[in-house]
Amino acid sequence: MREVNSLPLEEQKRLLEEEYSWVLETRKKREEKEKTLPPLPGAAEGRVVTRFAPNPDFAIHLGNARPAILSYEYKVMYKGKFILRFEDTDPRTKTPLPEAYELIRRDLEWLGIKWDEEYIQSLRMPIYYDIARRLIENGCAYIDDRPGHEYREYRNKGMLEKYPPRLRSVEENLDLWEKMLEGVFSEGEAVLRVKTDPNHPDPSIRDWVAFRIIDTGKHPHPIVGDKYVVWPTYNLAAGVDDHLLGVTHILRAKEHMQNTEKQKYVYECLGWKYPEVIHFGRLKLEGFIMSKSTLKKLYEAGTASGIDDPRFATIAGLRRRGFTAEAIRKLILEVGVKYTDASISFTNLAAINRSIIDPMARRIMVVLDPVPMLVEGIPWGEKSFEIPYHPNGRLGSRTITVPGPSTTIYVSRSDLDLLRGAKIVRLMEAFNVEITSIGVNEIKARYHSQGLEEARKHGAPIIQWVLAGGSIPIELVVPEGLDLYHKMGLAEEAAKSLRRDELVQLVRIGFARIDAIEGDERGNVRRVVAIFSHE
RNA sequence: GCCGCGGUAGUAUAGCCCGGCCAAGUAUGCGGGCCUUUCAAGCCCGUGACCCGGGUUCAAAUCCCGGCCGCGGCACCA
């Protein structure tokens with residue numbers, strides 16, 4: 170090794186190429202390997218249990234979907250088990266939304282995620298109460314019935330060991346616990362704290378609250394109403410369930426790092442083994458509204474068209490915008506499990522989506538802000554053009570019949586400049602015309618020739634167009650940050666065959682999802698609404 | 001402020017644990033070209049990164065120290 174290193178670089182290189190070329194080849198092979206998720210620590214096939222534990226206070230968005238997708242992916246990778254668990258133990262400040270349970274299930278299904286078991290924490294209250302008793306009996310928890318400021322005073326002065334409630338006997342604690350359950354205390358009057366290192370360097374960890382009282386008379390729970398007044402906090406419920414349900418690997422965002430440490434005190438007390446935890450950074454999606462609070466505000470204010478508003482980074486919003494589950498999955502897998510935050514650029518997501526939908530998106534001609542063009546001198550009475558829906562020829566075709574000797578078509582106003590700069594223009598898939606005049610609201614043209622070669626010879630631009638007869642109105646909704654732009658246009662007659670949810674490519678505009686097909690009483694298509702996805 | 005975690009091209013990521021196959025890979029973007037009845041797709045070429053400074057070592061993206069920057073937590077939320 171030393172010998173080789175002492176050689177000049179050129180010499181080393183030559184030696185490598187001549188004598189050890191196999192090294193270079195191995196390297197190439199390694200690069201060709203398909204990219205997958207890194208292995209889970211301590212995982213064995215058939216023995217991995219992961220879970221997704223959303224709070225059903227709102228629909229899930231790309232950020233929450235990440236742990237769901239990753240957890241599910243690992244379950245599949247190790248042929249394990251994947252659990253869906255609703256964490257709805259705060260009827261007061263994060264009141265569960267009754268419909269959110271089902272919205273979340275649907276979003277997961279749409280993402281292609283299947284869960285083996287489902288749990289709802291508000292239905293497991295007796296289990297948590299049981300744990301509370303065991304914690305008290307083991308001397309690991311105590312009832313704190315003093316006002317909050319007293320506890321904080323002791324804690325902040327580093328005198329938590331001497332905090333009187335902490336010194337209570339097991340019997341006394343058990344007794345007070347039963348009183349809590351019986352409803353003797355009201356909100357704020359008593360909590361159950363888990364004993365931790367009283368001088369833990371992070372004060373937020375010291376003797377954290379495991380149960381508190383919530384007046385469910387005032388704040389009824391959507392599932393269990395006012396049946397319970399003593400509610401476990403996240404750390405208690407989640408920590409306990411992860412053990413009880415046999416979870417082996419937890420994947421969650423880094424805001425939970427301190428929680429892991431809190432929960433470990435419960436595990437230690439009860440002699441449980443804490444699952445492996447993988448934390449990852451936060452996800453931002455450029456150009457979308459992602460914050461749950463903003464999302465909720467817009468949703469509740471009715472400003473948004475629903476939880477699936479195309480400006481939202483909710484799973485439903487992304488779906489409505491025309492993103493596929495496969496694209497979302499690929500994106501999440503690509504981002505992986507890094508600690509650092511990631512800002513996903515819109516073009517990146519779009520690129521992934523495009524590669525998936527391009528082969529199956531029918532090409533449809535639409536002109537936005539239409540300008541009429543009178544074409545004269547057409548040398549036929551009527552002529553039909555059969556145009557494939559996709560250049561790959563696999564999606565069938567439609568026929569456009571152009572009447573002669575003169576007819577009116579529409580072109581996009583945005584193409585006017587193009588028309589001004591060119592004498593000859595090719596109407597895509599049809600024939601070539603010569604522009605004779607361009608007014609603000611009318612263009613006149615003469616039939617020039619038929620062939621594509623002719624168009625090429627003249628360097629004619631190729632534009633999309635629609636016939637005046639038979640075309641149908643289309644509204645293209647273009648989301649841009651907080652705004653939605655509504656662009657009006659005309660679509661070719663074949664647009665009548667579009668289906669709701671279909672992903673199409675509006676030629677020379679971009680990909681879009683068909684959001685609505687509006688018809689009259691007799692079932693005739695009157696108008697199409699599309700949502701712009703991306704270029 | 002206190003506690004914790006990170007910093008690889010415009011964006012996202014591989015490599016870091018276990019220093020040498022790294023002259024840093026891939027995707028996307030961007031620029032150019034080819035092809036094409038779309039501004040889509042495809043093909044080719046190019047572009048562009050190890051936060052900074054020290055140290056250890058024959059050898060540092062990788063290990064150590066310091067700095068800078070960013071993020072998370074500090075609830076009777078999850």
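So the first sequence is numbered by the working numbering: it starts at 170 and just counts up by one.
Even glycine gets a Cβ: it sits at the ideal position worked out from N, Cα and C.
If we require 4 or more residues per run, which alpha helix (DSSP H) segments fall completely within the segment 445–532?
461–470, 484–490, 494–504, 515–526
Between residue 615 and residue 545, which are expected to be in contact by the criterion C-beta below 8 Å, what is the C-beta distance as a whole number of angstroms?
By one-based count along the first sequence, residue 615 stands at place 446. By one-based count along the first sequence, residue 545 stands at place 376. That belief holds up - the Cβ atoms of residue 615 and residue 545 are roughly 6 Å apart, short of 8 Å.
Out of curiosity, what's the CA-to-CA distance linking residue 650 and residue 503?
Taking the first residue of the first sequence as position 1, residue 650 is located at position 481. Taking the first residue of the first sequence as position 1, residue 503 is located at position 334. Going from the Cα of residue 650 to the Cα of residue 503 covers about 24 Å.
Could you tell me if residue 342 is buried or exposed, where buried requires 16 or more neighbouring beta carbons within 10 angstroms of its beta carbon?
As a working note, residue 342 is residue 173 in the first sequence. Residue 342 is buried by the Cβ-count criterion.
Does the beta-carbon distance from residue 558 to residue 582 come in below 8 Å?
For the purposes of this step, residue 558 is identified with residue 389 of the first sequence, where counting begins at 1. For the purposes of this step, residue 582 is identified with residue 413 of the first sequence, where counting begins at 1. Their beta carbons are not under 8 Å apart, which means residue 558 does not touch residue 582 by this criterion.
Alpha helix (DSSP H) containing residue 235: first to last residue?
What you label residue 235 is simply residue 66 of the first sequence in a count that begins at 1. Its alpha helix (DSSP H) spans residues 231–246.
CA-CA distance, residue 541 and residue 509?
As a working mapping, residue 541 is identified with position 372 in the first sequence. As a working mapping, residue 509 is identified with position 340 in the first sequence. Distance between the alpha carbons of residue 541 and residue 509: 54 Å.
Opposite residue 637 in the DSSP bridges: which residues?
Here residue 637 refers to the residue found at position 468 of the first sequence. Answer is none; residue 637 lacks a bridge partner.
Helix, strand or coil at residue 332 according to DSSP, with G and I counted as helix
Translated into positions along the first sequence, residue 332 becomes position 163. Residue 332 falls in the coil class under three-state DSSP.
Rounding to the nearest angstrom, what Cα-Cα distance links residue 263 and residue 291 in this structure?
Numbered from its first residue, the first sequence carries residue 263 at position 94. Numbered from its first residue, the first sequence carries residue 291 at position 122. Using only the alpha carbons, I get a separation of about 13 Å.
Around the C-beta of residue 375, are 16 or more other C-beta atoms found within 10 angstroms, so that it is buried, or is it exposed?
Counted from its first residue, the first sequence places residue 375 at position 206. Classification of residue 375: buried, given that the 10 Å Cβ count is 16 or more.
Under the assumption that residue 534 contacts residue 633 (Cβ atoms under 8 Å), give the Cβ distance between them as a whole number of angstroms.
Against the first sequence, residue 534 aligns to sequence position 365. Against the first sequence, residue 633 aligns to sequence position 464. So it is a contact: roughly 4 Å between Cβ atoms.
Can you have a look at residue 654 and say buried or exposed, based on whether 16 or more other CB atoms are within 10 angstroms of its CB?
Translated into positions along the first sequence, residue 654 becomes position 485. It counts as exposed.
Verify whether the separation of the beta carbon atoms of residue 382 and residue 349 is less than 8 Å.
For the purposes of this step, residue 382 is identified with residue 213 of the first sequence, where counting begins at 1. For the purposes of this step, residue 349 is identified with residue 180 of the first sequence, where counting begins at 1. Yes, the Cβ-Cβ distance between residue 382 and residue 349 is below 8 Å.
Which residues in the same chain as residue 726 place their Cβ atom closer than 6 Å to its Cβ, once the five residues preceding and following it in sequence are excluded?
As shown, the chain starts at 170 and ends at 704. That puts residue 726 outside it, with no answer to give.
Separation of residue 208 from residue 198, as counted between CA atoms:
Taking the first residue of the first sequence as 1, we reach residue 198 at position 29. Taking the first residue of the first sequence as 1, we reach residue 208 at position 39. For residue 198, the predicted structure reports a pLDDT of 32, less than 50, and the residue's modelled location is therefore unreliable. A value from the coordinates is still provided. Cα to Cα, the separation comes out at about 20 Å.
Run through the DSSP bridge pairs and tell me what residue 652 is partnered with.
The residue you call residue 652 lines up with position 483 of the first sequence. Residue 652 pairs with 649.
Beta-carbon proximity of residue 536 to residue 580, cut-off 8 Å:
Counted from its first residue, the first sequence places residue 536 at position 367. Counted from its first residue, the first sequence places residue 580 at position 411. Their beta carbons are under 8 Å apart, which means residue 536 touches residue 580 by this criterion.
Please state whether DSSP places residue 294 in a helix, a strand or coil.
Locating residue 294 in the first sequence gives position 125, where the first residue counts as 1. In this structure, residue 294 counts as helix in the three-state DSSP scheme.
Please classify residue 371 as buried or exposed, where buried requires at least 16 other C-beta atoms within 10 Å of its C-beta.
Reading the first sequence from its first residue, position 202 is the one you call residue 371. By the 10 Å Cβ count, residue 371 comes out exposed.
Please report the distance separating the alpha-carbon of residue 670 from that of residue 682.
On the first sequence, position 501 is the one that residue 670 refers to. On the first sequence, position 513 is the one that residue 682 refers to. Their backbone Cα atoms lie some 6 Å apart in a straight line.
Flag this pair as touching only if the segment 244–253 and the segment 212–220 have three or more C-beta atom pairs under 8 Å; answer yes or no.
yes
Residues in the same chain with beta-carbon distance under 8 Å from residue 637, minus the five sequence neighbours each way, listed in chain order, please.
Your numbering for residue 637 matches position 468 in the first sequence. Counting only Cβ-Cβ distances below 8 Å, and skipping sequence neighbours, we find 541, 576, 577, 578, 579.
Go to residue 411, then tell me how far its alpha helix (DSSP H) extends in each direction, as first and last residue.
Sequence index remark: in the first sequence, residue 411 carries index 242 (1-based). It spans 403–413 - the alpha helix (DSSP H) in which residue 411 sits, taken as one unbroken run.
Could you pull the start and end residues of the beta strand (DSSP E) that residue 699 belongs to?
Position 530 of the first sequence, counted from the start, is the residue given in the question as residue 699. Residues 694–703.
Own chain residues within Cβ distance below 7 Å of residue 244, not counting five before or after:
For the purposes of this step, residue 244 is taken as the residue at position 75 of the first sequence. Excluding residues within five positions, the ones whose Cβ falls inside 7 Å are 217, 219, 250, 251.
Should the segment 220–239 be called in touch with the segment 415–430, which here means at least 3 C-beta pairs below 8 Å?
yes
With distances taken Cα to Cα, identify the nearest neighbour of residue 355 among 563, 347, 703, 398.
As a first step, residue 355 must be located in the first sequence, where it is residue number 186. The residue with the shortest Cα to Cα distance from residue 355 is 398.
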